[in-house]
Each structure stands twice: as structure tokens, then as C-alpha cells.
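Chemist:
2 protein chains.
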Amino acid sequence: MRRALPALLVLMALPAWAAGSGVVGENLLWLALILMSARLFAPLAERIGFPAVLGELLLGVVLGNLALFGFHYFDTVAGDPIIAFMAELGVIVLLLQIGLETRLAELVKVGGRASLVGSFGIVVPFALGAFVVGPWLLPGLERNTYFFLGATLAATSVGITGRVFRDLGKLGMPAARIVLGAAVIDDVLGLVILAVVSSLVQAGQVSVGEVTWIIGKSVLFLAGSIWLGRMIAPHSSRWLARLDAGPSMLFAQVLATGLFLAWLAHAAGLAPIIGAFAAGLLFEPLFLKDFQTPRIVREIEPLLPAGEPGLVDRLRPILTRHAGHQHEHMIEPIGYFFVPVFFVLTGMQVDLRTLADPAVVAVALGITAAAVVGKLAAGVFAGDAGKWIVGWGMVPRGEVGLIFAMVGKQLGVISETMFSVIVIMVILTTLITPPVLTWLLRRGGGA
Amino acid sequence: MRRALPALLVLMALPAWAAGSGVVGENLLWLALILMSARLFAPLAERIGFPAVLGELLLGVVLGNLALFGFHYFDTVAGDPIIAFMAELGVIVLLLQIGLETRLAELVKVGGRASLVGSFGIVVPFALGAFVVGPWLLPGLERNTYFFLGATLAATSVGITGRVFRDLGKLGMPAARIVLGAAVIDDVLGLVILAVVSSLVQAGQVSVGEVTWIIGKSVLFLAGSIWLGRMIAPHSSRWLARLDAGPSMLFAQVLATGLFLAWLAHAAGLAPIIGAFAAGLLFEPLFLKDFQTPRIVREIEPLLPAGEPGLVDRLRPILTRHAGHQHEHMIEPIGYFFVPVFFVLTGMQVDLRTLADPAVVAVALGITAAAVVGKLAAGVFAGDAGKWIVGWGMVPRGEVGLIFAMVGKQLGVISETMFSVIVIMVILTTLITPPVLTWLLRRGGGA
Chain A
0 MRRALPALLV LMALPAWAAG SGVVGENLLW LALILMSARL FAPLAERIGF
50 PAVLGELLLG VVLGNLALFG FHYFDTVAGD PIIAFMAELG VIVLLLQIGL
100 ETRLAELVKV GGRASLVGSF GIVVPFALGA FVVGPWLLPG LERNTYFFLG
150 ATLAATSVGI TGRVFRDLGK LGMPAARIVL GAAVIDDVLG LVILAVVSSL
200 VQAGQVSVGE VTWIIGKSVL FLAGSIWLGR MIAPHSSRWL ARLDAGPSML
250 FAQVLATGLF LAWLAHAAGL APIIGAFAAG LLFEPLFLKD FQTPRIVREI
300 EPLLPAGEPG LVDRLRPILT RHAGHQHEHM IEPIGYFFVP VFFVLTGMQV
350 DLRTLADPAV VAVALGITAA AVVGKLAAGV FAGDAGKWIV GWGMVPRGEV
400 GLIFAMVGKQ LGVISETMFS VIVIMVILTT LITPPVLTWL LRRGGGA
Chain B
0 MRRALPALLV LMALPAWAAG SGVVGENLLW LALILMSARL FAPLAERIGF
50 PAVLGELLLG VVLGNLALFG FHYFDTVAGD PIIAFMAELG VIVLLLQIGL
100 ETRLAELVKV GGRASLVGSF GIVVPFALGA FVVGPWLLPG LERNTYFFLG
150 ATLAATSVGI TGRVFRDLGK LGMPAARIVL GAAVIDDVLG LVILAVVSSL
200 VQAGQVSVGE VTWIIGKSVL FLAGSIWLGR MIAPHSSRWL ARLDAGPSML
250 FAQVLATGLF LAWLAHAAGL APIIGAFAAG LLFEPLFLKD FQTPRIVREI
300 EPLLPAGEPG LVDRLRPILT RHAGHQHEHM IEPIGYFFVP VFFVLTGMQV
350 DLRTLADPAV VAVALGITAA AVVGKLAAGV FAGDAGKWIV GWGMVPRGEV
400 GLIFAMVGKQ LGVISETMFS VIVIMVILTT LITPPVLTWL LRRGGGA
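For the record, the sequence lines run as chains A and B. Using numbering that gives the first Met the number 0, read the first sequence as starting at 0 and increasing by one per residue. Using numbering that gives the first Met the number 0, read the second sequence as starting at 0 and increasing by one per residue.
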């Protein structure tokens, strides 16, 4: 290895040449760094008992705050539109994966409970923030400011929770389905609250027509795309498989549907991830059976001993599961690439300097307590499916809370201090949830 | 299906809502469209005997020229920085895949021939363009303009050819290795020619130091990264597999190395694809054996009849090949997603309006003939490895030729007419090559 030193020194001098290169080149390096460090951090986090997603979030917190130590290389990453788009693709792919691993029939089965949990998960934190904790901890502000604080507390970010359930292989449990269903309902209701509060700030009043329109188009999008999609998917799958039964066609159909419905949701004013989740729900393993080419079975069959007629049928499920032709497996590598970008970037938005003012931190802790209590109260409606797990599953505000706060800042009702308070609340709810949820899920109860 | 009509009509009205949405949303739709239509075009092209890549290129030509029929939706796609970055990622992933499927030892074996083919493939077309066909077909222009035309004819775009060899499963043949080796050499020499010609235009003279510097750093990058990388790769693979032997770690290591070396090549002033190809050469299947977890073997073993001791060993190669844990398989879905974006975007840069002026087309045909003859002449040095295949393999100019022409346009030595001539030459060499190469490869000869 000693002979490698001169070459290493020369290679280390190479970045100096990059000074003149465009941002496209730098993005390649950032993606390489995010991809590799996320893969290194994830098993380290898992070794000390945390889910992989916490490793990626903390990596983001570290990278995003290196500027505090005079290292400014990563300062522009979070604001780069190409990396931001990659992160957006990441959370879209994650929700597509979660949708693929969720059976619609089982989601409908928990529909009633999910609606209750989702509605109360919006109403209780909003009321706590707007009428109780806000006026009490931050007295003397405008009524609209408290309303905006309430709206921020009402937001739910399903990405973090979905990732924890997925990391631990618990997407199949009823509590996971209730959280996913409630998150979809929350996204619609959150949008309504944001529209109502924004209208109050801008026009001083709320138009009933506007609220009805938001609810109407959201329901139309969700019901329409899932109903129509499930009617089309079996036929399109059969038709596409006839054209090309290879894995690339299957992959393209699933991913293109995910991207298309993400765009459609975005166009309808919903979060793109809701569209991606709906796309995942469209495809049942049954529809894709035409793609599960038994090539591996055909190759193995002649090698098996002739005297065992049922052997192939016993091996088939194992072979199919591993042969990588299943839709979940095909989407997986796309997830490995993009999903960490989203969580690292989410972590990078955490500005540790907001923690420097003790007064702000004290208020933020109070607001955070309200944020947690509000969602835990809603979890009660999950009943024996695991009220603590469902409640904690709705706690993280993630990027949704930040988006709400940024709208409020643009409208002039959220001050810099209030924004810092909200950022700390978002940090705490986002970082606390993965370990708590992991502990609850490993304990196997939480009912 | 009749009941679906009202919902369909409503869904068709949805895009109207998108009017206010940002470009991030539109990019989701574009990616979905490119991904799906590329998958539909590819098997159609293959049915009429063409490689899949031609289907993607022609799809791009169609999408890029819809504006001629008054449909302007796709006008801004080609210029969108996010889509352009996706395309760049596409060709990087493609060359990484080609590198992974190429054994370095076999590439070195054809090194002498590849150098001869590469050098003559630069010199002959350059001389033809600068001293013969240029002054003859377009008389009365500046000497520097002819030099730039020559430089454009000297460029080689390995993406198209590599894709054809890959589509037909012929990357293992000696001709493919000669073309790949020659393309790497061409990239370095093409850079030298571009620098020399640019210096001639700007300063009226060429600095020997500058030329030496370009050659020096290129050789240093290629030799250094491959030598150092192959020294590190076996150790890093073993170390990473100990941390996490799952497929995600293997995937991250290979893809992150590809992105890192693409950035390093870019930083060294080379094309990023050269770095991606070098990264692919680093990983031999041997280095990655620690990742090829025999989980499927362990699961199948208890089900097999006890009286057949050697059965597992006979099944193992088939199981490993299909089980999707191999590095080539892991990168594949990333390729399905990004590679079509590159070829569709390349096709979209074809402006069919340049074909409207018969005089320009006539000159362009002459220049194209010189472009083809120049590369076929270099193919002679491939000897019995298949001189026609190697010659045709170097014919496509693709995006490299366009970049050279654009530099000339910026320097003011390439006129609008000359630019159109070059664009037509690039179109023809790019679109002719896939069918010709397919025909030569299927004929199985070409020596």
C-alpha cells in the first residue's frame, strides 16, 4: 500500500481543478457522498438499535451544520434545485413502495378508524396550538398568528413513520394501515386548514366555495384515480406483458404510474406523495402475474431429479420471491438511490443555531409537548390496534410542518422567533419519533 | 367500462389545474411519459429488427419536433436543467453498466489495436474535414472554420454504439472491446484537438504546455483512478460487506464509485462518462463475492431430496444468476429509469427544420460521407476482430459532435449554415449506425 501514496496525493489535488466546473458536476459528487454515507450511517444506527432512517436524518443534521465549524462546502446543496428534485423523487418512490406493500382491501378495512384518527389528529393539535398553548406561551400576538401555529401543529409527515414501519418490516400490522390511511386524510384536511387560515390572513374571511372545492377535488382525485386505475391496471398489465414480459416493462409500468399520479396529485393541489401512494395501491400482485416469468423455474426444472413431481411447485414461491422480477424488488434499487437523498436533505434543513436562545428553546419545548400530546390524543381512536403506536406514528411534522410555517412567513403572520420555535418543534417531533416508534414496535405492544 | 367515461372526462380536465404548478411537478409528468413511451417504442423497434436504442432516439425526434405541428408542450423539456441532469445521469449509468460488463484484462489485451483505431479515427476524419471535404464543399471560408469542422468530424460518441452492443448482448466480443478502448482514447485526443483549435481561434497560436497538460492529466486520471481503484476495491468490498452484506450496500458502493469517478473525470476536464466507464472496470465479480449472499440457496436446500448430494452445486450458478444480488442486476433498474431519458433527449435535439434547405442537405450529405469514411478507414486497424463492425462502431457523433459545434459557434467561427450542416451530419451518423451495426452483428461477421 505504500506505493499508493504518491498517486493518492495527486488524486487529492484533483478537486482543485473542479473550481471551473458547473454545478452539474458538483451534483454528481454530492449524490455519491449522500448515497455512500447514508449506506454507512444506516447500519451503524441499526447496530445501536435505531432505525436506518434516523442515521440518514442525523447525517443530514451533521452535513447541514458543518458551516458552524467553518466548512462551507455543503451550504448550497440544500438549495440546489436538482438535488431538491432528487429528494422529491425519493419521497415519491418511498410512498410508491409503501403503497405497493399495502393491500387496498386491508386499508379500506381500517377506513373508519383511520378517518377518526386522522380527523382528531388534525383538530386536537390545531385547537391546542391556536387556542391554548399559543396564547399562553407566546402572549400578545395576532389571532391569525395563533391560527397559523395551530395549522403547523396539525400537519403530519407520513414519510418518516412509513420508513420506520418499513425498516422494521411492520407495514402489514393494522396500526401501520391506520397511520397510512389517517395520513392521507390528514393531507386533505391539512390542505383545507392551510387554505382557510391563509384566506383569513389575506381576505379576512373564508369562502365556503373554496373549502368545498379543495375537499371536492381531493376526494375526486383519490377516489377517481384508485377506482379508474384498478379498473385499468389488470388490462394494461396483460397488454404490456404481451408486448414485452421482461422486468423492464413491469418496472416502467409501475414507476411511470407512480410518477404520473404524483404529478396528477400535485396538479390537483395535493402533495405528490399522496399520488405516489395511490399508484402503489393500484397494483396488486395478481395484476402483475403475467410478468413473473418462470424463466428461473424453466432453467432449474431439467436439473431436478425426475422422481419428485411436486418439487418444482414447492420451490416456486422461494424462486419467485428471490428472482427479482417482482415489482417491489424492481423498485428497490431506485429507492436505495433516491430515498436517502430525501432524508439527508430533511436533516440538512435543521439549523442547530436555532437552539442557541434558551428562551426560544423553552417555548419550543412547550409547543413540542402540545404537538405530541395532540397527536397522541388522536391515537386513542385506534383502539386495540395499538393506540400508542398510531399516536406516535402521526407525531413527525417533517417537511410538511416547515412548508406551512414558510407560507405563514411569506404572508407576514409568522415572525422570525415564531419560525425558529416551529423549526425546533419540527426537528424534535421528527427526530424523537423513529427511536420511540422502534421501541414501541420492538416491545410488540403499545395498545 | 361504460361507467368509467364520466370519471375519465373529469380526470382529463385535471391538467388544467396544473397551470399554476411549478416545473418540478411538470418534470414528474415528463419523466413518466419518457419512461413509459421509451418502454413501448423499444419492443416495437425490436420487432422490426432494430435495436431498442433506435426506438428511443426516434421517439425523441418525434417529441422534439411536435412543435412543427403546433404542439408546444415538449418545447421546454430539452432545455430543462433537471431533465438534462437526468439525461447526464442516464449516460453515466449506461457507461458504468458497460464498464461492469467489460473485463479490464480483456480491454488491455486489445489495447494496441484500440490505440491504433482510436488515433486514426481522430486523425483521418479531422484531415478529411479540415483539408479535403470542407474547403471543397464549402469554399471561401476561414482556415479556422475548416479546422473546427474537422474537429467535429473527429468526435466519437460511445453511448450509441455501447448501447447497440449491449442491446444485442455482444459486449463480450473483441470488436466491442476495441471500440470501447478506442472511444476512451478518442475522448482524450478529441479534447486535445478541441483545445488546439480553440487556442488557434482565440490566440492565433497553440501553447505546447497546454496540450501536454491536457494529455498529462487525462492519462493521470485514467491510469491513476483504475490502478488505485483496483487496489482499494477488493479491501473496501470486504469491509463494506462485513458492515452490511445486503444488496443495498453493494449497490451503493458501485453506484457511488461511478458517480464519484464521473465527477472526478469532469473535474479533470474529461467527459464524465469516461469516469463512469473506469468505475465499471474497477469491479470484478471476484471482488463482490462477499455480497452474493447464498440466502436463496439456504432456503432451498432443506426442500431438496436428501439422496442428491451434488444437486445444490448444480443449481447454485442458476440461482445466483437470477437472485438479483449481482452488481449488474442491481444497477439495471437505475438504467431502465435514466438511460432512456438520455437517448430520448438526444433525439429531441434533432431539429427536422434543418432538412428544409436542399442545398444545405446536399453539403451535409457530403460531410456525412466524409464522417463515415474517416471512421471506417480507422476500422481497418481492427484487423480480423471485425473491421467493419469497429469502423461503424465509431461512426456516431451524438452529443459530442454537437458540443464541439456549439463551442465553435460561441467562438464565432461556425456560422448558422455550417451549424445546420453539422447537426444533419450528427443526426445521420447517429441514426444510421444502430441499424447498420445491428445488421453487421446479426450477420455475425463484418471482418
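Where is the CB? At the ideal position from N, CA and C, for every residue including glycine. In this text, all values refer to a predicted model and were calculated from it rather than measured experimentally.
Measure the C-alpha to C-alpha separation of A:Trp-438 and B:Leu-93 and round it to an integer number of angstroms.
Modeler: About 42 angstroms.
Chemist: Which residues in the same chain as A:Leu-440 place their Cβ atom closer than 6 angstroms to its Cβ, once the five residues preceding and following it in sequence are excluded?
Modeler: Within the same chain, A:Leu-440 has close Cβ partners Leu-167, Lys-169.
Chemist: When the distance is taken between beta carbons, is A:Ser-118 closer than 8 angstroms to A:Ile-184?
Modeler: Yes, the pair counts as a contact, with Cβ atoms nearer than the cut-off.
Chemist: B:Trp-387 versus chain A: which residues are under 7 angstroms apart at the beta carbon?
Modeler: Going along chain A, no residue has its Cβ under 7 angstroms from B:Trp-387, so there is no contact; the nearest lies around 30 angstroms.
Chemist: Listing by chain order, which chain A residues have their CB less than 7 angstroms from the CB of B:Phe-259?
Modeler: Within chain A, the residues near B:Phe-259 are Leu-28, Ala-31.
Chemist: Helix, strand or coil: how does DSSP classify A:Arg-1 here?
Modeler: Its pLDDT being 33, under 50, A:Arg-1 is placed unreliably by the model, and nothing is read from it.
Chemist: From A:Val-394 to A:Gly-378, what does the alpha carbon distance come to, in whole angstroms?
Modeler: The straight-line gap from Cα to Cα measures roughly 10 angstroms.
Chemist: Beta-carbon of A:Pro-357 versus every beta-carbon of chain B: anything under 8 angstroms?
Modeler: No - not a single Cβ of chain B is within 8 angstroms of the one on A:Pro-357.
Chemist: Run through chain B and tell me which residues come within less than 7 angstroms of A:Met-248, C-beta to C-beta.
Modeler: Ordered by position in chain B, the residues that pass the 7 angstroms Cβ test against A:Met-248 are Arg-38.
Chemist: Residue ranges of each alpha helix (DSSP H) run of no fewer than 4 residues wholly in the stretch 141–170 of chain A, ordered along the chain?
Modeler: Qualifying alpha helix (DSSP H) stretches, in chain order: 142–153, 157–166.
Chemist: Assuming A:Val-122 contacts A:Gly-180 under a Cβ cut-off of 8 angstroms, what Cβ separation, rounded to an integer in Å, is found between them?
Modeler: That pair is no contact at about 17 angstroms.
Chemist: Quick one: what's got a C-beta closer than 8 angstroms to B:Ser-20's C-beta in the same chain, skipping five residues either side?
Modeler: In this prediction, B:Ser-20 scores a pLDDT of 34, lower than 50, which makes its location untrustworthy; the coordinate-derived value is nonetheless stated afterwards. Cβ neighbours of B:Ser-20 beyond the five flanking positions: none.
Chemist: Using Cβ-Cβ distances below 9 angstroms, what residues of the stretch 114–142 of chain B are close to chain A?
Modeler: Hits within the stretch: zero.
Chemist: Quick one, which of B:Arg-442, B:Ala-261, B:Val-178 has its alpha-carbon nearest A:Leu-27's?
Modeler: Nearest C-alpha to A:Leu-27: B:Ala-261.
Chemist: Cα separation between B:Phe-403 and B:Ala-251?
Modeler: Near 34 angstroms, if we compare the C-alpha coordinates of B:Ala-251 and B:Phe-403.
Chemist: Taking a contact to mean a Cβ-Cβ separation below 8 angstroms, would you say B:Ala-77 touches B:Met-347 in this structure?
Modeler: It is a contact, given that the beta carbons lie within the stated cut-off.
Chemist: Where does the unbroken alpha helix (DSSP H) through A:Gln-252 begin, and where does it stop?
Modeler: Where A:Gln-252 is concerned, the enclosing alpha helix (DSSP H) stretches over 246–266.
Chemist: Thinking C-alpha only, which one of A:Gly-128, A:Leu-30, A:Glu-105 is nearest A:Ala-86?
Modeler: For the residues A:Gly-128, A:Leu-30, A:Glu-105, the minimum Cα distance to A:Ala-86 belongs to A:Leu-30.
Chemist: When you compare the CB positions of B:Leu-152 and B:Thr-429, do they come within less than 8 angstroms of one another, or not?
Modeler: No, the pair does not count as a contact, with Cβ atoms beyond the cut-off.
Chemist: Closer than 8 angstroms, CB to CB, is B:Gly-24 near chain A or not?
Modeler: Output row for B:Gly-24: interface = yes.
Chemist: I want to see whether chain A comes within less than 8 angstroms of B:Asp-185, judged by CB atoms only; does it?
Modeler: So no, B:Asp-185 is outside the interface.
Chemist: Taking 8 angstroms as the cut-off, does the stretch 343–360 of chain B touch the stretch 258–272 of chain B (at least 3 CB pairs, one atom from each stretch)?
Modeler: The answer is no - the stretch 343–360 of chain B does not touch the stretch 258–272 of chain B, with fewer than three Cβ pairs under 8 angstroms.
Chemist: Hey, which unbroken runs of the alpha helix (DSSP H) at 4 residues or more fall wholly within the stretch 16–72 of chain B?
Modeler: DSSP runs (the alpha helix (DSSP H)) wholly in the stretch 16–72 of chain B: 22–46, 51–63.
Chemist: Would A:Ala-86 count as contacting chain B if we go by Cβ distances under 8 angstroms?
Modeler: Chain B, which has no Cβ nearer than 8 angstroms to the Cβ of A:Ala-86, makes this no.
Chemist: Do B:Ile-192 and B:Phe-130 come within 8 angstroms of each other at the CB atom, strictly closer than that value?
Modeler: Contact: no.
Chemist: Quick one: Cα of B:Val-371 to Cα of B:Thr-211, how far?
Modeler: Roughly 29 angstroms separates the two Cα atoms.
Chemist: Go ahead and pull the three-state DSSP assignment for A:Leu-219.
Modeler: Correct three-state label for A:Leu-219: helix.
Chemist: Buried or exposed, going by whether 16 or more other CB atoms sit within 10 Å of the CB of A:Val-343?
Modeler: A:Val-343 is buried by the Cβ-count criterion.
Chemist: Going straight from the alpha carbon of B:Met-172 to that of B:Asp-383, what length do you get?
Modeler: C-alpha separation (whole angstroms): 12 angstroms.
Chemist: Here's the rule: buried if 16 or more other CB atoms are within 10 angstroms of the residue's CB, otherwise exposed. What is B:Pro-304?
Modeler: Result: exposed.
Chemist: May I ask which residues mark the beginning and end of the alpha helix (DSSP H) holding A:Ser-114?
Modeler: 110–126 is the extent of the alpha helix (DSSP H) around A:Ser-114.
Chemist: Along the chain, where does the alpha helix (DSSP H) containing B:Asp-186 start, and where does it finish?
Modeler: Unbroken alpha helix (DSSP H) run through B:Asp-186: 173–202.
Chemist: If I'm right that B:Glu-209 touches B:Ser-198 with Cβ under 8 angstroms, what's the distance once you round it to whole angstroms?
Modeler: At roughly 7 angstroms, the Cβ-Cβ gap stays under 8 angstroms, so B:Glu-209 and B:Ser-198 are in contact.
Chemist: For B:Ala-181, would you say it is in contact with chain A, using Cβ-to-Cβ distances shorter than 8 angstroms as the test?
Modeler: For B:Ala-181, the answer is no, since every Cβ of chain A falls outside 8 angstroms of its Cβ.
Chemist: For B:Leu-167, go through chain A and note every residue whose CB falls closer than 9 angstroms to its CB, in chain order.
Modeler: Within 9 angstroms Cβ-Cβ: nothing; B:Leu-167 doesn't reach chain A, min ~15 angstroms.
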